[in-house]
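Numbering-wise, the sequence shown is residues 18 to 155 according to the working numbering.
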Amino acid sequence: MSGIRSKDTKPELVVRRGLHALGYRYRLHVKDLPGKPDIVLPRRRAAIFVHGCFWHGHNCHLFKWPKTRTDFWRQKIKTNRKNDERAIRALQEQAWRVLIVWECSLKGRTRHSSEKTISLISDWLRSDQGKDEIRGRD
Ligand SMILES: [Zn+2]
18 MSGIRSKDTK
28 PELVVRRGLH
38 ALGYRYRLHV
48 KDLPGKPDIV
58 LPRRRAAIFV
68 HGCFWHGHNC
78 HLFKWPKTRT
88 DFWRQKIKTN
98 RKNDERAIRA
108 LQEQAWRVLI
118 VWECSLKGRT
128 RHSSEKTISL
138 ISDWLRSDQG
148 KDEIRGRD
């Protein structure tokens, strides 16, 4: 669950490949935008974050508080969540649409098929909808 933090996580690759196959073109890890969104589609004014449920403290079955170094992890995850909120707000203030794709939509027992998750993302991209999230099944 904790594992090594990596820039190109597997769920992110699944999303990138899926969108690419549907003809979407995007920029990756855009440093000059708040929170450095993982996938950015400038023409659709869309910024996508693929969030690891552990690192971002998601309320789902992939997240459990570690039993050691409890204070460290509480602080770490609290900070991550605060940074996420701040980045989302800043993006919205710049009129970006923001989509959070949670790891649990692509991994673990609540996952959708990757086709399903990609099609949910594609529906959102084609809509005018503002901030939204895609998570695993309940
Ligand atoms: Zn999750």
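A virtual CB, placed ideally from N, CA and C, is assigned to each residue, including glycine. The structure displayed is predicted, hence computed values, not measured ones.
*Measuring CA to CA, which of 76, 113, 122 is closest to residue 98?*
Per the Cα distances, 76.
*Along the chain, which unbroken stretches of the alpha helix (DSSP H) at least 4 residues long are found entirely within the region 27-60?*
Counting only runs of 4 or more, we get 27-38.
*Neighbour flag for residue 104 against chain B, beta carbons, 7 angstroms*: Note that chain B does not occur in the displayed structure, where there is just one protein chain.
*Should residue 43 and residue 57 be called a contact, given that it needs their Cβ atoms to be closer than 7 angstroms?*
The beta carbons of residue 43 and residue 57 sit closer together than 7 angstroms.
_What I want to know is whether the C-beta of residue 79 ends up closer than 6 angstroms to one or more non-hydrogen atoms of ligand 1._
Checking every heavy atom of ligand 1 against the Cβ of residue 79, one is found closer than 6 angstroms.
*Excluding five sequence neighbours on each side, which residues of the same chain lie with their C-beta closer than 6 angstroms to the C-beta of residue 8?*
Coverage of the chain is limited to positions 18 through 155, which leaves residue 8 absent and any answer about it impossible.
*asked:* Within a Cβ cutoff of 8 angstroms, which residues of the same chain sit near residue 62, ignoring the five residues on either side of it in sequence?
replied: Hits under 8 angstroms: 112, 113, 114.
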